[in-house]
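**Student:** The structure under discussion is supplied below as structure tokens; questions concerning it will follow.
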Amino acid sequence: MGAKNIYSRKSLVNSAKSVEKWDVIVIGGGATGLGVALDSVTRGYKTLLLEQVDFAKGTSSRSTKLVHGGVRYLAQGNIDLVKEALYERGLLSKNAPHLVKNQSFIIPNYRWYEGMFYTVGLKVYDFLAGKLSLGKSLHINKKETMNRLETIRRDKLKGGVVYKDGQFDDSRLAVNVAQTCVEQGASVLNYFKVNNLVIDENQIKGVSAKDMETGENHQFFGDAVINATGVFTDEILRMENPDARNMVKPSQGVHLVFDKSFLPGDDAIMIPKTEDGRVLFAVPWHDKVIVGTTDTQLDEHSLEPVALEEEIEFILKTFNNYLEKQVTRDDVRSIYAGLRPLAAPKGGSEKSKEISRSHKVLVSKTGLITITGGKWTTFRRMAQDTVDKAIALGKLPKKECKTVDLKIHGAKENPDLSNHLYIYGSDQPEIQNLIKEDQSLGEKLHPRLDFLKAEVVWAARHELARTVDDVLARRVRMLFMDSKAAIECAPEVAKILAKELEKDDVWVEKQIADFKEIASHYTI
Numbered sequence: 032m033g034a035k036n037i038y039s040r041k042s043l044v045n046s047a048k049s050v051e052k053w054d055v056i057v058i059g060g061g062a063t064g065l066g067v068a069l070d071s072v073t074r075g076y077k078t079l080l081l082e083q084v085d086f087a088k089g090t091s092s093r094s095t096k097l098v099h100g101g102v103r104y105l106a107q108g109n110i111d112l113v114k115e116a117l118y119e120r121g122l123l124s125k126n127a128p129h130l131v132k133n134q135s136f137i138i139p140n141y142r143w144y145e146g147m148f149y150t151v152g153l154k155v156y157d158f159l160a161g162k163l164s165l166g167k168s169l170h171i172n173k174k175e176t177m178n179r180l181e182t183i184r185r186d187k188l189k190g191g192v193v194y195k196d197g198q199f200d201d202s203r204l205a206v207n208v209a210q211t212c213v214e215q216g217a218s219v220l221n222y223f224k225v226n227n228l229v230i231d232e233n234q235i236k237g238v239s240a241k242d243m244e245t246g247e248n249h250q251f252f253g254d255a256v257i258n259a260t261g262v263f264t265d266e267i268l269r270m271e272n273p274d275a276r277n278m279v280k281p282s283q284g285v286h287l288v289f290d291k292s293f294l295p296g297d298d299a300i301m302i303p304k305t306e307d308g309r310v311l312f313a314v315p316w317h318d319k320v321i322v323g324t325t326d327t328q329l330d331e332h333s334l335e336p337v338a339l340e341e342e343i344e345f346i347l348k349t350f351n352n353y354l355e356k357q358v359t360r361d362d363v364r365s366i367y368a369g370l371r372p373l374a375a376p377k378g379g380s381e382k383s384k385e386i387s388r389s390h391k392v393l394v395s396k397t398g399l400i401t402i403t404g405g406k407w408t409t410f411r412r413m414a415q416d417t418v419d420k421a422i423a424l425g426k427l428p429k430k431e432c433k434t435v436d437l438k439i440h441g442a443k444e445n446p447d448l449s450n451h452l453y454i455y456g457s458d459q460p461e462i463q464n465l466i467k468e469d470q471s472l473g474e475k476l477h478p479r480l481d482f483l484k485a486e487v488v489w490a491a492r493h494e495l496a497r498t499v500d501d502v503l504a505r506r507v508r509m510l511f512m513d514s515k516a517a518i519e520c521a522p523e524v525a526k527i528l529a530k531e532l533e534k535d536d537v538w539v540e541k542q543i544a545d546f547k548e549i550a551s552h553y554t555i
């Protein structure tokens with residue numbers, strides 16, 4: 032390795048320690064925090080991002096994998112939110128074309144009036160997307176619906192409505208955004224936990240944080256400190272004011288993953304009305320089918336949320352209502368739960384599907400800026416609003432936002448979807464080169480899946496991966512696609528990582544044990 036590797040953790044940590052004062056310090060490395068860091072560094076501000084575990088470890092790797100305007104918000108009459116999301120959907124498919132694809136969805140109709148009702152609604156959706164529309168929605172007859180959805184329940188089927196939305200790989204996008212930040216000159220550190228705020232004369236001046244790998248504590252000083260920690264928002268706010276009111280109410284969304292045989296075509300299914308009044312999606316994703324999601328209010332949050340029995344049953348039952356070939360618990364390849372950081376209502380409780388999905392930028396007495404709410408699709412816009420707020424508060428000199436046309440690391444038009452390495456975009460040839468140098472890296476990690484040993488090496492060298500979980504959950508998506516396969520190849524991944532990261536056998540054993548513990552939540 033001739034050239035200095037800009038993604039080496041050591042050099043990133045060392046350069047972060049050498050800066051006396053940052054313009055912007057971002058706490059949290061999910062979609063929102065990474066978006067803020069990218070917006071900030073591309074405007075020319077000295078930017079530091081600290082993430083307590085790994086990028087997109089929490090909510091941001093556990094989405095339904097849709098880049099969408101939100102058909103559901105349209106039904107609620109939230110036109111502005113839909114317009115904003117559709118605009119951002121268009122930008123994202125332009126700026127990260129290797130990860131975002133145009134996905135057709137079919138709403139099967141079992142009542143005579145549904146066809147007309149949904150066709151009209153989705154024409155409005157198309158209209159709002161304007162020139163960034165991914166394609167027109169249309170009504171299809173019963174025969175075409177059955178041709179396109181081979182496994183759909185035929186009894187009483189009247190037809191279907193087709194519309195277009197975006198589909199993507201969430202944690203791959205997070206990793207690519209992190210890489211883009213580093214290339215632009217930001218210091219982006221995972222496994223760096225903020226454990227306190229530095230407050231002087233009632234003004235926020237920085238953060239103190241612990242390097243979770245070495246155990247060392249550091250203080251970082253900055254003009255603007257931004258809290259983008261999702262469901263952990265309140266913990267940061269309580270560092271500033273122990274009596275702070277809860278800003279976030281976590282709501283859990285669960286997804287089940289099945290083999291492609293349950294939805295063999297290219298189309299996704301959108302089930303518009305479930306028993307609890309939500310929509311359920313069945314979406315083809317990396318040669319599997321993701322079905323979700325649920326909406327369960329929780330009182331507490333954790334890094335590894337666990338699907339509740341009734342959520343699993345609800346998804347199985349609802350999905351089966353629409354299938355000729357029934358799914359059972361044994362067909363579940365993986366199961367994952369994510370927490371939405373919804374804005375907590377001020378008064379009594381509200382149904383979480385009605386709590387605002389739009390984002391809010393809040394400023395506390397000390398000048399700490401908190402960004403909450405929102406979703407992956409609008410992460411770029413949320414970041415722009417957050418940095419604009421810091422400028423409006425006089426914390427940063429005024430500079431224009433640059434992310435509208437900014438290509439994300441790896442951006443490559445028209446990727447060849449037949450090779451699973453397409454998600455690396457312009458990095459794909461580099462992975463092929465690793466295999467040329469060492470043929471053993473061309474071997475599969477697991478016979479059931481396409482992932483290669485070379486991808487583990489690449490994740491360690493260029494994608495800031497530090498643990499088996501980072502690799503199997505978020506760099507290659509094995510844990511989300513086939514949790515048993517992921518558990519079986521953990522020892523091999525640990526060995527490859529240990530060699531790359533210069534770790535010993537004790538580390539390897541601990542990694543395998545830790546990963547098995549995490550993976551247990553993904554199996555039924």
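Residue numbers (the working numbering): 32 to 555.
All C-beta atoms in this analysis are idealised placements derived from N, C-alpha and C, irrespective of residue type, glycine included.
Do LEU437 and ASN126 come within 8 Å of each other at the CB atom, strictly closer than that value?
**Tutor:** Closer than 8 Å, so yes.
**Student:** Using CA atoms only, rank isn't needed, just tell me which of GLU247, PHE350 and VAL285 is closest to GLY369.
**Tutor:** Answer by Cα proximity: VAL285.
**Student:** Roughly how many angstroms separate the alpha carbons of ARG412 and ASP242, rounded to a whole number?
**Tutor:** About 30 Å.
**Student:** Please look up how many angstroms separate the CB atoms of VAL358 and PHE252, rounded, as I've assumed it's under 8 Å.
**Tutor:** That belief does not hold up - the Cβ atoms of VAL358 and PHE252 are roughly 54 Å apart, past 8 Å.
**Student:** What residue ranges within the segment 184 to 268 form continuous beta strand (DSSP E) runs of no fewer than 3 residues, ordered along the chain?
**Tutor:** The qualifying runs are 190 to 199, 218 to 220, 223 to 231, 234 to 242 and 248 to 258.
**Student:** Look at LYS319 and VAL279 and say whether their C-beta atoms are less than 8 Å apart.
**Tutor:** For LYS319 and VAL279, no; Cβs fall outside 8 Å.
**Student:** Tell me whether PRO372 is buried or exposed, calling it buried when 16 or more other Cβ atoms sit within 10 Å of its Cβ.
**Tutor:** PRO372 comes out buried.
**Student:** Go ahead and pull the three-state DSSP assignment for PRO460.
**Tutor:** Three-state result, PRO460: helix.
**Student:** Just to confirm the assignment, what range does the beta strand (DSSP E) spanning LEU65 have?
**Tutor:** Here LEU65 belongs to no beta strand (DSSP E); instead the alpha helix (DSSP H) covers 62 to 73.
**Student:** May I ask you to report which of helix, strand or coil DSSP gives TRP407?
**Tutor:** In the structure shown, TRP407 sits in a helix (DSSP, three-state: H, G or I).
**Student:** Cutting at 6 Å between CB atoms, please list the residues of its own chain near ALA275, excluding the five before and the five after it.
**Tutor:** LEU268 and ARG269, listed in sequence order.
**Student:** Does the segment 436 to 450 come within contact of the segment 210 to 218, defined as at least 3 CB pairs closer than 8 Å?
**Tutor:** The answer is yes - the segment 210 to 218 touches the segment 436 to 450, with three or more Cβ pairs under 8 Å.
**Student:** Measure the C-alpha to C-alpha separation of VAL238 and LYS429 and round it to an integer number of angstroms.
**Tutor:** Looking at the two C-alpha atoms, the distance is approximately 24 Å.
**Student:** Counting beta carbon pairs with one atom in the segment 62 to 73 and one in the segment 202 to 210, are three or more of them shorter than 8 Å?
**Tutor:** As far as the Cβ criterion goes, the segment 202 to 210 touches the segment 62 to 73, which means the pair count is three or higher.
**Student:** In this structure, does DSSP put PHE350 in helix, strand or coil?
**Tutor:** Three-state DSSP puts PHE350 in a helix.
**Student:** Decide if VAL322 is buried, meaning its Cβ has at least 16 other Cβ atoms within 10 Å, or exposed.
**Tutor:** Classification for VAL322: buried.
**Student:** Unbroken beta strand (DSSP E) runs of length 3 or more, entirely within the segment 278 to 348: which are they?
**Tutor:** List check, beta strand (DSSP E) in window: 279 to 290, 299 to 302, 311 to 316 and 319 to 323.
**Student:** Go ahead and pull the three-state DSSP assignment for ASP481.
**Tutor:** The answer is coil: DSSP assigns ASP481 none of H, G, I, E or B.
**Student:** What residues in its chain sit with their C-beta under 6 Å from that of LEU159, if we drop five residues either side in the sequence?
**Tutor:** Correct list, in chain order: VAL113, LYS114 and LEU117.
**Student:** Check whether the Cβ atoms of LEU472 and ALA209 sit closer than 8 Å, and answer yes or no.
**Tutor:** Going by C-beta atoms, LEU472 is not nearer than 8 Å to ALA209.
**Student:** Excluding sequence positions up to five away, which residues of its chain have a Cβ less than 7 Å from the Cβ of VAL262?
**Tutor:** Counting only Cβ-Cβ distances below 7 Å, and skipping sequence neighbours, we find GLY89, THR90, VAL279, PRO281, HIS332, LEU370 and PRO372.
**Student:** Taking ASP200 as the reference, which of GLN542, ARG506 and LYS484 has the closest Cα?
**Tutor:** With distances taken between Cα atoms, ASP200 lies closest to ARG506.
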